[in-house]
Every structure is written in C-alpha cells, then in structure tokens.
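Asker: Take this structure, written in structure tokens, and hold onto it; I'll ask about it next.
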Amino acid sequence: MSGKGKYHHGDLRQALIAAAVEFLADHPPADLSIRKLARSLGISEAAPYHHFADRQALELAVMAEGYALLRDRCLAAGQAGRGLEGLCAAYTGFALDHPNLFRLIHQSSAARNPANAVLYAISAEAFAPLLAEVRQRARAQGIDDEGQVGFLALMVWTQLHGLTDVLIADFLRLGDGHAAFCARAYRHIEGSLMAALDAVRRSPAPAGGDGR
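Numbered by the numbering used here, the letters in the sequence shown go through residues 62 to 273 in order.
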C-alpha cells in the first residue's frame with residue numbers, strides 16, 4: 062500500500078476508508094487492520110479511534126464504500142440502457158476490478174441488518190437497478206406483483222453472484238475465453254428470468270387471496 066504520509070489535514074474518516082480500499086487491492090479482508098491503515102497514512106495509531114470504535118466499525122464503513130462503488134457501476138449500466146446483460150457485466154466487472162473488496166462486502170449479512178442503517182440503505186441502492194430491470198420485464202408480461210418481482214430479482218442475483226464467485230477465483234481458468242463465456246452466461250441468466258416470468262404469467266392466480 063502506497064499511502065504512507067499522504068494524509069495531512071482534512072477528513073480523516075474518509076481518508077481511512079480510502080486507505081482501506083487501497084489496502085484491499087493487494088490484501089485479503091482478513092489482513093485489514095486499523096494499525097496498518099494508520100501507519101500507511103503516517104498518523105498515530107490512536108487517531109483512527111476518534112472515528113471508528115473498533116475494527117468492526119471500520120469494516121462496516123468500508124463495506125458501505127464498496128456498495129457505493131458497486132451501486133455507481135450498476136446505476137451507470139442501467140442509465141445507459143444496457144439491459145440485464147449490462148447489469149451483469151457491471152456486477153462482475155466491479156468484482157474483477159476489486160475482488161477483495163467484493164469479498165469483504167459479502168462476507169457477512171451485515172448489509173441486510175437495518176441496524177446498520179447507512180450500509181443497509183446503500184446495499185439496497187446497489188440492488189435497485191437489477192430490481193428495476195426485472196420489474197420492467199415483469200410488467201411487460203403483465204406481472205405487477207411486487208412480491209413476485211422481488212423474488213425473481215433475488216433469484217437473478219443468486220445466479221449472477223455465483224457466477225461472479227467463479228470468475229474472481231478463476232476457477233474455470235477461462236483465459237482468452239473469458240469474454241465469450243461471460244456473454245453466454247449472461248444470456249443464460251436472462252433466459253432463466255424470461256422463462257420464470259413466463260411461468261408466473263401462465264400460473265393461475267390464487268383463489269380468494271392476495272397472492273401471498
């Protein structure tokens with residue numbers, strides 16, 4: 062990490078978060094420590110504790126930063142009108158560019174805990190472009206049940222996340238075939254979604270209920 066002596070005056074909290082993101086470019090999440098970050102910024106080991114009570118508090122802040130970066134990638138893909146394939150590419154691209162940060166933000170369910178208010182909100186924002194894409198496709202099929210839409214978006218995410226784990230581990234040793242494999246995988250995910258939407262559309266509505 063090349064942050065030694067970078068910090069002079071200003072927002073120390075944000076400087077520590079940025080230093081952590083930089084640290085994770087070359088180190089696994091387990092190696093992240095407040096002491097190492099303080100050393101990289103040329104500050105006392107006590108100074109970070111004015112902003113983070115402990116390592117867990119730092120991790121939550123870094124996770125929020127990671128989700129913000131992922132959110133921005135996905136929002137850009139959505140606003141560019143690149144469809145589901147573009148969102149898949151944005152998600153896997155973020156993970157390949159920041160594999161250790163990606164591992165950190167998914168190493169626990171902290172982002173699903175409303176008690177972690179900032180992290181919870183930003184993680185929801187990161188998921189929102191995918192949810193919006195699935196909602197649009199569902200409405201085109203005459204499906205407006207938000208419960209169904211949310212579940213299908215989650216199923217798309219589970220496929221995409223599994224694919225991403227395989228890619229960042231280089232488990233398949235794709236080499237020059239990486240781009241072609243990803244394009245095929247994205248089409249498969251899209252096909253699975255469309256088949257699921259068709260199945261929902263063909264299913265009879267529950268009698269005398271609200272669909273739950």
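The beta-carbon is built from N, C-alpha and C at its ideal position, and this holds for glycine as well.
Here's the rule: buried if 16 or more other CB atoms are within 10 angstroms of the residue's CB, otherwise exposed. What is residue 161?
Answerer: With 16 or more Cβ atoms within 10 Å of its Cβ, residue 161 is classed as buried.
Asker: What number of angstroms, rounded off, separates the C-alpha of residue 206 from the C-alpha of residue 254?
Answerer: The straight-line gap from Cα to Cα measures roughly 15 angstroms.
Asker: Under 8 angstroms Cβ to Cβ from residue 94, same chain only, skipping five residues before and after it: list those, please.
Answerer: So the qualifying residues of the chain are 116.
Asker: Counting only runs of 4+ residues fully inside the region 187-238, write out the alpha helix (DSSP H) ranges in chain order.
Answerer: You should have 207-229.
Asker: Report all residues from its chain with a CB closer than 7 angstroms to the CB of residue 261; omit the five preceding and five following residues, and keep chain order.
Answerer: Excluding residues within five positions, the ones whose Cβ falls inside 7 angstroms are 204, 209.
Asker: Could you pull out every residue in the same chain whose Cβ sits closer than 7 angstroms to the Cβ of residue 123, ignoring the five residues on either side in sequence?
Answerer: So the qualifying residues of the chain are 78, 81, 82, 165.
Asker: So, with DSSP's three-state summary, where would you put residue 112?
Answerer: Here residue 112 sits in coil by DSSP.
Asker: According to DSSP, is residue 177 helix, strand or coil?
Answerer: Here residue 177 sits in coil by DSSP.
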